[in-house]
Every structure is written in C-alpha cells, then in structure tokens.
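Asker: First the structure, which I've put down as structure tokens, then a few questions once you've had a look.
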Amino acid sequence: MSEEENYLEYIFDNNQTFNLYRFAAKIAEKANDYKNASIFYKKCGELYLSYKMEKLFSKEIEKDKKNKELSDKLRERILNVTTD
9 MSEEENYLEY IFDNNQTFNL YRFAAKIAEK ANDYKNASIF YKKCGELYLS YKMEKLFSKE
69 IEKDKKNKEL SDKLRERILN VTTD
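Residues 9 to 92, numbered by this note's numbering, are exactly what the sequence shown covers, in order.
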C-alpha cells in the first residue's frame, strides 16, 4: 500500500461522516434493508472519490506550480542570453 493510500485510509478511519455512513450501511445490511444499505454505501463511495479527487488535484496544482517556476527560469535565461 502506497503512502497516499495509507493517508486516505487514515482520513477515513478518522472521518466521522464516513464512519457514520459506513455504520448505518452495516446496520441496514444486518436488518436486510438492502435499499438503504446501498444508499449509505453509495455515500461512502462519494466521500472516498471526493477525497481521492482532492488529492489528485492538489498533486496537479503542485506540478503546475513547479512547471511554471521552471518555465519562468527558462524565460529569464533566454532573456539574459538575448540581452547580452
């Protein structure tokens, strides 16, 4: 399991909303109320996907920042060469 997956697992272990949905789904499942169980499991999945997408977008934003810094440095070098 990667560090990111461990982090996501840690978030979900400590996320009260996620735990509440999961708990409600398990209770509904034990009561043979599969319709409500599926609704709660769907909510768990939506929370998981939102965390996963947030993590992915934050990585992309960091990558964009690094690329911008590199392109700024390259532009600066080109300007320095052309002005010399």
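Glycine included, every Cβ here is placed at the ideal spot set by N, Cα and C.
Which term fits ALA33, buried or exposed, when burial requires 16 or more other beta carbons within 10 angstroms of its beta carbon?
Answerer: With 16 or more other Cβ atoms within 10 Å, it is buried.
Asker: How would you call PHE48, buried or exposed, if buried means at least 16 neighbouring beta carbons within 10 angstroms?
Answerer: Looking at its Cβ environment, which holds 16 or more other Cβ atoms inside 10 Å, PHE48 is buried.
Asker: Which of the three DSSP states is assigned to ASP41 in this structure?
Answerer: Residue state, collapsed to three classes: coil.
Asker: Alpha carbon to alpha carbon, what distance is there between LYS71 and LEU57?
Answerer: C-alpha separation (whole angstroms): 21 angstroms.
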